[in-house]
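Residue numbers (this note's numbering): 60 to 163. We treat Cβ as the ideally placed atom computed from N, Cα and C, and that holds for glycine.
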Amino acid sequence: MNPRIRVLFLLIVVTTLKGQDAGPQSPTRPEDPKLPDGTSQREAILKDDHARSLKDAAELTRLGEELTTDLEKNDRHVLSIQTLKKLDEMERLIRRIRGRMKRY
């Protein structure tokens, strides 16, 4: 075989093999730390977040009912400062709940 062809063949084989790397290994998650009582720290955080989200949702429901009452009482097309503050509080609660749900 011609030496030039051998070199060309070797270059092709080497570049082909180099392109067949194993690739990045799947990232391994570090082991979840355990709390002193043996439960998973991640599970405890999720449970606490869920409880806080339920509490915020109940508050959001209460504010929504108050807002409905305020709007029904008001016969003018103007909102009071108190009603606007309720809307801001509702928006803040919604962002807080959404942030907790996106975390994991």
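So, at 6 Å on beta carbons, what are the nonlocal neighbours of residue i in its own chain, with the 5 sequence-adjacent residues on each side left out?
i, result
"Leu126", "Lys145"
"Arg159", "Asp108 and Ser112"
So is residue i buried or exposed if we call it buried at 16+ other beta carbons inside 10 Å?
i, result
"Leu70", "exposed"
"Leu130", "exposed"
"Leu113", "exposed"
"Leu119", "buried"
The alpha helix (DSSP H) that contains residue i, what's its start and end?
i, result
"Arg135", "No alpha helix (DSSP H) contains Arg135, which DSSP labels as neither H nor E."
How many angstroms separate the CA atom of residue i from the CA atom of residue j?
i, j, result
"Val66", "Pro89", "46 Å"
"Thr128", "Arg151", "20 Å"
"Leu143", "Gly97", "46 Å"
"Ser139", "Arg154", "23 Å"
Considering only residues of the same chain and omitting the five flanking positions on each side of residue i, which have a CB-CB separation below 7 Å?
i, result
"Leu94", "Gln100 and Ala103"
Suppose the cutoff is 8 Å on Cβ atoms and the five residues either side in sequence are ignored; what does the same chain contact list for residue i look like?
i, result
"Arg157", "none"
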